[in-house]
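Let me begin by presenting the structure, written as structure tokens, before commenting on it.
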């Protein structure tokens with residue numbers, strides 16, 4: 006049944022009740038009463054249609070609000086993903102820079118160590134050569150050493 010049928014049933018019931026209550030009999034409702042009842046039923050049907058339309062509009066608005074919330078959530082997620090990508094890129098770049106620094110440090114350290122080793126080696130060789138010369142100068146018998154000392158003193 007429709008709301009209009011329901012309205013007609015209510016009007017019929019009300020008229021029947023009024024007829025029984027006030028003794029209005031047999032002749033049925035007047036044309037004015039029928040017109041008023043029909044107008045009332047039409048008005049109730051129109052109110053029901055408007056309420057139905059309002060409920061549909063509210064459902065559409067609720068759906069649109071949910072869609073907006075989902076879109077906003079997706080946007081925030083996309084922004085978060087982009088920020089995370091940027092951070093990862095920055096971490097990778099920093100790691101590459103740090104790796105290059107570490108490599109440069111290692112190369113510099115190895116070169117410095119080699120220079121120091123070479124310097125120490127040269128100094129040791131020079132000192133060893135000097136020590137060998139001094140050992141040569143000081144080697145020999147006591148007589149040879151005395152003769153060298155005398156020759157050196159005479160030369161100076």
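Numbering (the working numbering), first residue to last: 6 to 161. For every residue, glycine included, the Cβ atom is placed at its ideal position computed from N, Cα and C.
Three or more Cβ pairs closer than 8 angstroms define a contact, and the region 43-61 falls short of that threshold against the region 74-82.
Counting only unbroken stretches of 4 or more residues, no alpha helix (DSSP H) element lies wholly within the region 40-84.
Straight-line measurement puts the Cα of residue 122 at about 30 angstroms from the Cα of residue 143.
Shown here for residue 133: not one same chain residue has a beta carbon closer than 6 angstroms to its own, the five before and five after excluded. Residue 12 is positioned such that its CB atom lies no closer than 9 angstroms to that of residue 60.
Taking the CA atoms as reference points, residue 63 sits about 15 angstroms from residue 73.
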